[in-house]
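Novice: I am attaching a structure below and will ask some questions about it afterwards.
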Amino acid sequence: MFNVPQENRTATNVIDFRRELKDRESEIELLQDTFRLVASELNLEKVFDTVAKRAIHLVRAETLLIPILDNNNETYTYRAGAGKNTEEIVGEALPLDFGVCGWVWKNKKPWWRGMLDELDEKERNQWEKEAGTLILVPLQGRRHFLGGIAAINKQDGLEFTQRDLNMLSMFAGIVSIAIENALAVKELEETHQALITHQHRLERLNKQYSESNKKVEQLSLYDPLTGLPNRTLLRDRINRQLSLSTSENDVTSVLLIDINNFKSINDALGHDKGDQILIEFCKRIKKHLRLNETLGRLGSDEFILLLPYTSHKKTVNRTNKILKEMESPYIIDNKDFNVDASIGISSFPEHGEDRKTLLRHADIALNIAKERHSKYHIFNDQEDEADESQINLSVDLNNAFKEKQFELYYQPKIDIKSNTIMSAEALGRWTHPERGFISPVVFIEALEQYNLIDKYTYDAIECAAESINQWSKDGHNLKIAINISTQTLMDPDFVNQVRNRISDFSISRRLIFEITESLFLSDHDYIFDTLTRLRSMGIELSIDDFGTGYSSLSRLKRLPVNELKIDQSFIRDMIDNFDDQIIVKSIIDLAHNLGLSVVAEGVETQEILDHLNKLGCDIAQGYLIAKPMPAKEFEKFIKNYK
Ligand code: C2E
Ligand code: CA
Ligand code: CA
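Residue 1 is where the sequence shown starts when you use full-length UniProt numbering, and the numbers rise one by one after that.
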């Protein structure tokens, strides 16, 4: 050992002391700086990265690693590193009881070479090899053990000192709070994320649930064809609206809308096309709906429109708008069809304060609208109450047979060229003992509905036969045309029934049966057979309301009919409407080509009659010549006719 001079020794000491002081200062600076950095940093990865880079500097290690306990508390993962060979290690997970990390976690104190002295021989031998050049200080959070900071191999081949251990422990103490915070934030974020995912799932499930709920609701509350509220939902909507309308001024109107002759449209076009018309019909009404109004489907061709917060005037305006909307034809398979509707109206509170009364009154109003051929009718307490007896119509009809309330009126048909009466159309009349005159349109339909039409028709045929007889005795050899419902004509027993009643050829050859075009859509062979049998009895066949139906000309050609009656809707407007003139002209030409005679119905003016004459029409019928009249009156009429 050399002898060092005293003053020199002191000088060396001072230099060492200064260096140490400087080192201390920079260490404190580094600690403060690190603390500042990580304390405000909540991004976990950045915190780990900073800690690793600062720590390696602090203890001058070759490698620095940060093992952190995983959430499972069974493994730890190297979350960050600095220095040599860290790439392979960072990200790796190891079991907790493996290596020094396990020792630190178990003993809750730092590991360094100095610890070897405290171990028994066996342990010492094990750890000396494994961890002789390593410091691992624990990262202890406020609540639990987080992991550690491991410094491996001091730079320049030196060994870690007690001071390094102390520095790193202090450093760990400072950063563990920041790490714990960042870990907590991360956990919070993850929980939050999980919550969001969960929420999304919940929302999805909720949506699925409400969609399937909607479907169930749709099936039970909505009409599948039109998508409109059905009877059940309507009931609820009306009740709810009525409970809201409490004051006298809160008028709520119920419109009962019924498509006219929908059954024949359906029979004629088939159900698919009928459905198409229904859908289009609803669309047209829907165009006029406001937010708080409900359109619903009651049954096949019956709809309810609920108008809340309205007035009588507004209701009438809306009704007219809807009816106007119905005027344009429906185009099905490139053909135009006219579909019109009748509307019965009742209003809360005037015509009823509960749903049932309002609906019943709307129904009565609808029947009146149909009876009177007016497009709509507003229920009228005094006048219409009597119509409630409508419900007893089947009883009334049966009585009508017994009491002989039905009567046949006759309307003359004249040969246009010679202006002579050729025949008469028999038109049914019913004067109800209380309700008075009821339109044949109404009671014929009711007779059909109650299956009384056959009986009625056979009675009418017998009655007409008597008239033919009577008139021929008086020297008038006139024919009588009787309207035959399709329902009756299709009755398998029809021809026999007629034959049983009219065995005399002199009578049957003076009978004309008026049948409608809708018949031609039924089974062709069957109709052909029936009509042929009727013809063989001498009965003439006439096609009524021609032009409004759907008969194809080729079918017409093959059927044994004698006459076409052009529907009055074409005749009425033919002077002013050029299209109607063309239609009338072509029907006349067509009929003549097929060897049929042509009748024009609804001739009301001389001008029309003259025009028909020019077009070559054979026969005319209408108010111009005479209105339908009772048999007695008709007999007088023919006696006096020119
Ligand atoms: P329909 O067979 O087309 O009868 C012609 C209708 O036009 C009759 O109406 C007649 O009164 C009316 N009419 C005749 N000339 C004119 C005119 O110049 N102008 C106007 N505006 N109308 C005229 P009605 O008697 O009310 O009969 C209506 C419908 O009821 C008949 O139409 C027919 O389909 C049915 N019907 C009437 N009686 C019977 C019957 O005994 N059996 C069957 N099955 N149906 C009947
Ligand atoms: Ca007729
Ligand atoms: Ca007619």
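Cβ coordinates follow ideal geometry from the N, Cα and C atoms, glycine included.
Apart from the five residues just before and just after Met-574, which ones in its own chain have a Cβ nearer than 6 Å to its Cβ?
Specialist: Within the same chain, Met-574 has close Cβ partners Asp-580, Gln-581, Val-584.
Novice: Are the Cβ atoms of Leu-30 and Leu-58 separated by less than 8 Å?
Specialist: Yes; because the gap between Cβ atoms is below 8 Å, this pair is in contact.
Novice: Measuring only from the beta carbon, is Tyr-450 closer than 7 Å to any heavy atom that is part of ligand 1?
Specialist: Incorrect: Tyr-450 has no Cβ contact closer than 7 Å to ligand 1.
Novice: May I ask you to check if the CB of Ser-439 is nearer than 7 Å to at least one heavy atom of ligand 1?
Specialist: Answer for Ser-439: yes, Cβ within range of ligand 1.
Novice: Can you list every residue whose CB sits closer than 6 Å to some heavy atom of ligand 2, going in chain order?
Specialist: Working through the chain, the matches are Glu-425, Asn-483, Glu-514, Asp-544.
Novice: Within a Cβ cutoff of 8 Å, which residues of the same chain sit near Asn-43, ignoring the five residues on either side of it in sequence?
Specialist: So the qualifying residues of the chain are Ala-182.
Novice: Only counting the same chain, and skipping five residues up and downstream in sequence, which positions put a Cβ closer than 7 Å to that of Leu-221?
Specialist: Result list for Leu-221: Pro-229, Asn-230, Thr-232, Leu-233, in chain order.
Novice: Write down the C-beta distance between Ile-343 and Leu-256 rounded to the nearest angstrom, noting that I regard them as a contact closer than 8 Å.
Specialist: Indeed, because the Cβ distance is near 7 Å, the residues count as touching under 8 Å.
Novice: Can you tell me which residues form a DSSP beta bridge with Trp-430?
Specialist: Bridge partners of Trp-430: Phe-406, Ile-438.
Novice: What number of angstroms, rounded off, separates the C-alpha of Ile-179 from the C-alpha of Lys-154?
Specialist: Approximately 25 Å between the Cα atoms of the pair.
Novice: Would you mind sorting Arg-36 into buried or exposed? The rule is 16 or more other CB atoms within 10 Å of its CB.
Specialist: It counts as exposed.
Novice: Given the structure, does Ala-460 come close to ligand 1, in the sense that its CB is under 7 Å from one of the ligand's heavy atoms?
Specialist: Flag set: Cβ of Ala-460 near ligand 1.
Novice: Going by beta carbon distance, what residues of the same chain come within less than 6 Å of Glu-540, once the five residues before and after it are set aside?
Specialist: If we look at Glu-540 and ignore the five residues flanking it on each side, its Cβ neighbours are Ile-512, Asn-562.
Novice: Tell me Thr-420's beta-bridge partners as DSSP assigns them.
Specialist: In DSSP, Thr-420 forms a bridge with Asp-415.
Novice: Looking at the structure shown, is Met-170 part of a helix, part of a strand, or coil, going by DSSP?
Specialist: Looking at Met-170 - three-state DSSP - the assignment turns out to be helix.
Novice: How big is the Cα-Cα spacing for Trp-103 and Asp-97?
Specialist: Straight-line Cα distance between these residues: approximately 7 Å.
Novice: Kindly confirm or deny that the stretch 70-84 and the stretch 160-173 touch, where touching means at least three C-beta pairs closer than 8 Å.
Specialist: Too few Cβ pairs lie closer than 8 Å, so no.
Novice: Among Lys-479, Leu-624, Phe-528, Phe-494, which one has its Cα closest to the Cα of Ile-507?
Specialist: Among Lys-479, Leu-624, Phe-528, Phe-494, the Cα nearest to that of Ile-507 is on Lys-479.
Novice: Which of the three DSSP states is assigned to Ser-508 in this structure?
Specialist: Looking at Ser-508 - three-state DSSP - the assignment turns out to be helix.
Novice: Under a Cβ-count criterion, where at least 16 other Cβ atoms within 10 Å of its own Cβ denotes burial, should Val-395 be classed as buried or exposed?
Specialist: By the 10 Å Cβ count, Val-395 comes out exposed.
Novice: Count the CB pairs spanning the stretch 331-343 and the stretch 286-298 that are closer than 8 Å, and state whether there are at least three.
Specialist: The stretch 331-343 vs the stretch 286-298: no contact.
Novice: Alpha carbon to alpha carbon, what distance is there between Gly-436 and Gly-352?
Specialist: Each residue's alpha carbon lies about 26 Å from the other.
Novice: Could you tell me the alpha carbon to alpha carbon distance between Phe-2 and Asp-23, rounded to whole angstroms?
Specialist: Residue confidence for Phe-2 is low, a pLDDT of 46 falling below 50, so the modelled location carries little weight; the figure read from the coordinates is stated next. Their Cα atoms are separated by approximately 29 Å.
Novice: Is it true that the CB of Ile-461 sits closer than 8 Å to the CB of Arg-501?
Specialist: Their beta carbons are under 8 Å apart, which means Arg-501 touches Ile-461 by this criterion.
Novice: Identify which residue in Met-537, Ser-536, Leu-559 has its Cα closest to the Cα of Ile-543.
Specialist: Comparing Cα positions, the closest option is Leu-559.
Novice: If we require 3 or more residues per run, which beta strand (DSSP E) segments fall completely within the stretch 320-403?
Specialist: You should have 330-332, 335-337, 341-348, 376-378.
Novice: Nearest-angstrom Cα distance between Ser-464 and Thr-457?
Specialist: In the sequence as presented, Ser is not what sits at residue 464; that position holds Ala. Looking at the two C-alpha atoms, the distance is approximately 10 Å.
Novice: Just checking my contact of residue 685 with Leu-168 at CB under 8 Å: how many whole Å lie between their CB atoms?
Specialist: Residue 685 lies beyond the range of the chain shown here (1 to 642); nothing can be said about it.
Novice: Please classify Gln-208: is it buried, with 16 or more other beta-carbons within 10 angstroms of its beta-carbon, or exposed?
Specialist: That one is exposed.
Novice: Excluding five sequence neighbours on each side, which residues of the same chain lie with their C-beta closer than 8 Å to the C-beta of Arg-372?
Specialist: If we look at Arg-372 and ignore the five residues flanking it on each side, its Cβ neighbours are Ser-439.
Novice: Between Asn-613 and Asp-236, what straight-line distance do the alpha-carbon atoms span, to the nearest angstrom?
Specialist: The alpha-carbon atoms of Asn-613 and Asp-236 are separated by roughly 60 Å.
Novice: Between Val-175 and Thr-34, which are expected to be in contact by the criterion C-beta below 8 Å, what is the C-beta distance as a whole number of angstroms?
Specialist: Val-175 to Thr-34, Cβ: 7 Å. Contact.
Novice: Is there at least one non-hydrogen atom of ligand 1 closer than 7 Å to the beta-carbon of Tyr-623?
Specialist: Flag set: Cβ of Tyr-623 near ligand 1.
Novice: Under 7 Å Cβ to Cβ from Ala-400, same chain only, skipping five residues before and after it: list those, please.
Specialist: Closer than 7 Å at the Cβ level, and outside the excluded window around Ala-400, lie Phe-406, Trp-430.
Novice: Quick check: the stretch 609-626 against the stretch 407-419, are at least 3 beta-carbon pairs closer than 8 Å?
Specialist: At 8 Å Cβ cutoff, the stretches touch.
Novice: What is the C-beta distance between Pro-308 and Ser-245, in whole angstroms, given that I count them as a contact (C-beta under 8 Å)?
Specialist: The Cβ separation is near 7 Å, so the contact holds.
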